[in-house]
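Q: Counted from 1, the sequence shown has number 381 at position 381 by the UniProt record's numbering; the numbering is strictly sequential.
Glycine residues also receive a C-beta, built at the ideal position from the N, C-alpha and C atoms.
Source: prediction; values computed, not measured.
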Amino acid sequence: MRVTNKMLANNYLTDMSANLNNLQRIQQQMSTGKNFTKPSDDPFNVARSMQMHTAIDANTQYNKNITNTINWLDTTDTALGQLGNVFQSIRERLISSGDAAYGSDERTKIKDEINQQIGQIGQILNTTFAGEYVFGGTKGSSKPVDATMDSSYGEVTNTVAGGKGTINGKFYGSGNAKFTIEVAAVDSSGKVTKVNVSKTTASGTISSSTASLNKDGNFDIGNDLTFSIETNVSNKALTIDPTTKSKTASGSTYTFDCTSSGNAELIYCKADKTELITDPTKATAEDISQFDMISRKRKTEISQGVLVDYNVSASEVIKYGNGESDDLRSLLSRIVNHLDGKDETGASNEAAANKALTNEDLADLDKAIKQTLKIRSEVGAKQNRMDSAKEQNIQGNTNMTDILSKTEDIDVTQKVMEFATMQTVYLASLQTSAKVLQPTLMDYMR
Numbered sequence: 001m002r003v004t005n006k007m008l009a010n011n012y013l014t015d016m017s018a019n020l021n022n023l024q025r026i027q028q029q030m031s032t033g034k035n036f037t038k039p040s041d042d043p044f045n046v047a048r049s050m051q052m053h054t055a056i057d058a059n060t061q062y063n064k065n066i067t068n069t070i071n072w073l074d075t076t077d078t079a080l081g082q083l084g085n086v087f088q089s090i091r092e093r094l095i096s097s098g099d100a101a102y103g104s105d106e107r108t109k110i111k112d113e114i115n116q117q118i119g120q121i122g123q124i125l126n127t128t129f130a131g132e133y134v135f136g137g138t139k140g141s142s143k144p145v146d147a148t149m150d151s152s153y154g155e156v157t158n159t160v161a162g163g164k165g166t167i168n169g170k171f172y173g174s175g176n177a178k179f180t181i182e183v184a185a186v187d188s189s190g191k192v193t194k195v196n197v198s199k200t201t202a203s204g205t206i207s208s209s210t211a212s213l214n215k216d217g218n219f220d221i222g223n224d225l226t227f228s229i230e231t232n233v234s235n236k237a238l239t240i241d242p243t244t245k246s247k248t249a250s251g252s253t254y255t256f257d258c259t260s261s262g263n264a265e266l267i268y269c270k271a272d273k274t275e276l277i278t279d280p281t282k283a284t285a286e287d288i289s290q291f292d293m294i295s296r297k298r299k300t301e302i303s304q305g306v307l308v309d310y311n312v313s314a315s316e317v318i319k320y321g322n323g324e325s326d327d328l329r330s331l332l333s334r335i336v337n338h339l340d341g342k343d344e345t346g347a348s349n350e351a352a353a354n355k356a357l358t359n360e361d362l363a364d365l366d367k368a369i370k371q372t373l374k375i376r377s378e379v380g381a382k383q384n385r386m387d388s389a390k391e392q393n394i395q396g397n398t399n400m401t402d403i404l405s406k407t408e409d410i411d412v413t414q415k416v417m418e419f420a421t422m423q424t425v426y427l428a429s430l431q432t433s434a435k436v437l438q439p440t441l442m443d444y445m446r
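(1) Using 8 Å as the Cβ pair cut-off and three pairs as the minimum, do the region 111–118 and the region 387–405 touch?
(2) Between the alpha carbons of N11 and V416, how many angstroms are there, rounded?
(3) Would you kindly work out how many angstroms separate the C-alpha atoms of T32 and N399, rounded to a whole number?
(4) Count the other CB atoms, across all protein chains shown, that sit within 10 Å of the CB of D241; report buried if there are 16 or more and exposed otherwise.
(5) Considering L276, what are the terminal residues of the alpha helix (DSSP H) in which it resides?
(6) Per DSSP, which one or two residues make a beta bridge with D409?
(7) According to DSSP, simplified to helix, strand and coil, what is V134?
(8) What is the rounded straight-line gap between the Cα of V306 and the Cα of M50?
(9) If you draw a straight line from the C-alpha of T138 to the C-alpha of T284, how long is it?
(10) Can you tell me which of the three DSSP states T127 falls into?
(11) When burial is assigned at 16 or more other CB atoms within 10 Å of the CB, is E408 buried or exposed?
(12) Buried or exposed: S384, going by 16 or more other Cβ atoms within 10 Å of its Cβ?
(13) Using only CA atoms, which one of T14, N63, S17, Q28 lies nearest to N397?
(14) In the DSSP assignment, find the beta strand (DSSP E) that holds D309 and state where it starts and stops.
(15) Hey, how far is the Cα of V46 from the Cα of K34?
(16) Could you check whether the Cβ of N35 sits closer than 7 Å to any heavy atom belonging to the ligand GTP?
(17) Alpha carbon to alpha carbon, what distance is there between T413 and D42?
(18) Could you have a look at T148 and say whether DSSP puts it in helix, strand or coil?
(19) Look at the alpha carbon of Y426 and the alpha carbon of T401, and state the distance between them as a whole number of angstroms.
(20) Which residues in the same chain have their Cβ closer than 7 Å to the Cβ of L125, if we skip the five residues on either side of it in sequence?
(21) Suppose contacts are defined by Cβ-Cβ distances below 8 Å. Is T76 in contact with V312 by that definition?
(22) Take D343 and list the residues in its own chain whose beta-carbon comes closer than 8 Å to its own, dropping the five residues that flank it on each side.
(23) Is I56 closer than 8 Å to M422 when the C-beta atoms are compared?
(24) Compare the Cα-Cα distances from L331 to each of L430, N71, E360, V308 and report the closest residue.
(25) Tell me which same chain residues have a C-beta within less than 7 Å of the C-beta of residue 455, skipping the five on either side of it?
(26) From S303 to P280, what distance separates their C-alpha atoms?
(27) Select from E301, Q290, S141, F291 the residue whose C-alpha is nearest the C-alpha of S59.
(28) Just to confirm, is the Cβ distance from Q29 to I410 under 8 Å?
(29) From Q82 to L94, what distance separates their C-alpha atoms?
(30) Determine, using beta carbons only, whether Y310 and T67 come nearer to each other than 8 Å.
(31) If the criterion is Cβ atoms closer than 8 Å, does the pair L328 and A368 meet it?
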């Protein structure tokens with residue numbers, strides 16, 4: 001009898017413990033709202049839940065990428081719209097410059113207005129978003145372009161030859177610079193081996209392939225008289241070559257002025273605000289590297305494994321054709337020079353300049369406008385794609401959240417019913433055991 005009672009008591013305690021655990025589990029699920037709180041509760045669904053959490057977090061980041069890209073494209077589209085308006089305004093000015101009633105004064109006024117519009121083009125191409133230059137490619141922390149005043153080399157006076165010559169080319173700077181180069185020594189073949197340099201202003205530097213000079217003095221060179229003139233912004237090659245080598249004697253001097261023409265110039269800009277040379281034959285490694293950065297595409301991930309480029313580079317806007325002259329920098333420079341009454345060589349030729357304004361310049365400007373419209377349409381297509389991607393992203397996030405909820409969250413109604421059932425079972429077990437295992441005085445004595 002004692003053995004039977006002991007077995008009944010043990011079974012009762014085991015069953016009561018199981019009932020209490022089930023009651024506790026359901027009570028915990030109701031208080032947390034989750035089906036499980038630790039991996040051992042449901043290993044399969046816990047693993048699935050962790051995967052869903054990872055996917056939702058990634059999708060949330062993709063949503064941020066898409067939103068940022070949409071804002072970037074909106075800024076780009078606005079800038080391109082402004083650029084198109086400036087081009088149309090310049091086009092109207094070019095057409096009006098062809099009016100036979102317009103004289104040099106009217107064209108000068110048009111030129112002054114276009115100079116300001118060139119500065120506006122530079123400002124638009126330096127549009128920023130979130131602290132980065134929209135048209136700067138991966139070179140987003142520094143300006144991709146700049147608008148500055150160009151300058152021309154003046155006449156060169158050769159005291160030995162007794163004549164004057166014009167130096168072709170330009171330099172970029174804000175001031176004027178006057179240089180005097182004196183031949184200090186020549187070799188037996190007539191090649192210049194040493195020069196003395198002086199300048200009346202501090203806004204420039206003169207250098208050769210073997211030496212440079214930032215102040216008055218002299219230096220040795222190994223070739224004919226070939227120099228580069230550097231100003232506070234950039235440098236261009238300058239060559240002074242005597243008519244005959246016999247005239248290049250010690251004591252010969254060459255004097256020339258670098259003077260501002262007052263015309264605006266659009267240039268690619270280095271981080272130190274000097275001009276970025278894009279001609280491969282003249283560009284330095286730094287030039288090539290920085291130009292590659294301006295031209296490079298920025299990419300972002302909008303879903304797993306899907307990368308899209310979303311930026312427009314300044315080089316795409318500036319280069320509107322395949323030819324060397326199909327360049328916005330060259331076109332704008334030609335326009336202001338033609339409005340000055342100068343032909344392609346820089347010589348005064350009002351008839352040729354007027355013809356170029358209403359023919360070649362206008363045709364090239366139309367190409368630039370067409371290029372801008374093409375780029376803007378591409379930006380619009382990307383905006384549509386990003387809008388669709390955002391809708392898909394939001395829908396995907398909603399679906400995954402719903403799946404996660406079905407995996408993790410409890411059905412409150414069901415759990416309340418289960419809790420009531422388990423509570424009834426527990427109370428019934430207490431009542432049943434009290435009747436089956438009635439205690440006696442002998443039980444207490446044992």
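A: Short version:
(1) Between the region 111–118 and the region 387–405 there are fewer than three inter-stretch CB-CB distances shorter than 8 Å, so the stretches are not counted as touching.
(2) In this model, N11 and V416 are separated by some 28 Å (Cα to Cα).
(3) Straight-line Cα distance between these residues: approximately 23 Å.
(4) With a pLDDT of 48 at D241, under the threshold of 50, the predicted position of this residue should be treated as unreliable, and no value is reported.
(5) Per DSSP, L276 belongs to no alpha helix (DSSP H) and is neither H nor E.
(6) Here D409 is bridged, per DSSP, to K34.
(7) For V134, the secondary structure class from DSSP, reduced to helix, strand or coil, is coil.
(8) Taking the straight line joining both Cα atoms gives about 23 Å.
(9) Roughly 19 Å separates the two Cα atoms.
(10) If DSSP states are grouped into helix, strand and coil, T127 belongs with coil.
(11) Classification of E408: buried, given that the 10 Å Cβ count is 16 or more.
(12) Reading off the sequence shown, one finds Asn at residue 384, where the question assumed Ser. Exposed, because fewer than 16 other Cβ atoms sit within 10 Å of the Cβ of N384.
(13) It is N63.
(14) For D309, the enclosing beta strand (DSSP E) has its first and last residue at 306–309.
(15) Put simply, the backbone Cα of V46 is about 11 Å away from that of K34.
(16) Although the ligand GTP was asked about, the structure shown includes no ligands whatsoever.
(17) C-alpha separation (whole angstroms): 21 Å.
(18) Of the three classes helix, strand and coil, the one that applies to T148 here is strand, per DSSP.
(19) Here the alpha carbon of Y426 sits roughly 36 Å from the alpha carbon of T401.
(20) So the list reads F135, P144, V145, A314, V317, once near-sequence residues are dropped.
(21) The Cβ atoms of T76 and V312 lie closer than 8 Å to each other.
(22) Excluding residues within five positions, the ones whose Cβ falls inside 8 Å are N349, A352, A353, A356.
(23) In this structure, I56 does not lie closer than 8 Å to M422 by Cβ.
(24) Nearest C-alpha to L331: E360.
(25) Residue 455 cannot be examined here, being either before or after the span of the chain that is shown, 1 to 446.
(26) Each residue's Cα considered, the two are about 38 Å apart.
(27) It is Asn, not Ser, that sits at residue 59 in the sequence shown. Here the closest residue by C-alpha is E301.
(28) In this structure, Q29 sits near I410, with a CB-CB distance shorter than 8 Å.
(29) Straight-line measurement puts the Cα of L94 at about 19 Å from the Cα of Q82.
(30) T67 sits away from Y310, with the two beta carbons spaced by 8 Å or more.
(31) Yes, these two residues count as a Cβ contact at 8 Å.
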